[in-house]
Amino acid sequence: MERVITAELSSYLLSKGLISNHQHGFIAKRSAMTNLLNLLNEWTLAVDNRLTQSIVYVDFTRSFNTISHEKLQLKLQACGVSGQLLFLIMNFLRSPTQVTKVSCHVSQCVFLTSGVVQGSCLGPLLLLVYINDLVAVFNES
941 MERVITAELS SYLLSKGLIS NHQHGFIAKR SAMTNLLNLL NEWTLAVDNR LTQSIVYVDF
1001 TRSFNTISHE KLQLKLQACG VSGQLLFLIM NFLRSPTQVT KVSCHVSQCV FLTSGVVQGS
1061 CLGPLLLLVY INDLVAVFNE S
């Protein structure tokens, strides 16, 4: 079921042009290699034309754990994701629970309100939706 949701969401976002062309991770036919090739071309053109370039790389390694479900839902809705697809995604996110055990004492089970499942198919795509608008901040300057 997760793969079906991922495929449907990915297809929708790409067909509507809702994922920035500057995003290369976790997208079919894009990779670190395509990112580097595009950038090398841009940098070469800038040097040839005596232009300056600002370059920002951000490591989102730990960000999977900090994504607010509430904010992600708002971003998905802003992209036009609604109905059954939005319901299934939010249910997927609300599934993880956490229990803490210290010695022989166990806490109550609580549902997590942030983070996406690492190692899932859907998690990386949801991370992209969450950070996708950051590109606009850097393109404005």
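Quick note on this note's numbering: the sequence shown kicks off at 941 and runs consecutively. Ideal Cβ positions, reconstructed from N, Cα and C, are used throughout, including at glycine. Bear in mind the structure is a predicted one, so any value in this text is a computation, not a measurement.
Can you give the Cα-Cα distance for Cys1061 and Thr1040, rounded to whole angstroms? 26 Å
Whole angstroms is fine: what's the gap from His962's alpha carbon to Val987's? 20 Å
Tell me the DSSP secondary structure of His1045 in three-state form. The three-state reading of DSSP puts His1045 in strand, counting E and B together.
Pick helix, strand or coil for Val1077, following the three-state DSSP scheme. helix
Going by DSSP in three states, Gln1013 sits in which element: helix, strand or coil? helix
Cβ contact check for the stretch 996-1004 and the stretch 1065-1078: 3 or more pairs under 8 Å: yes
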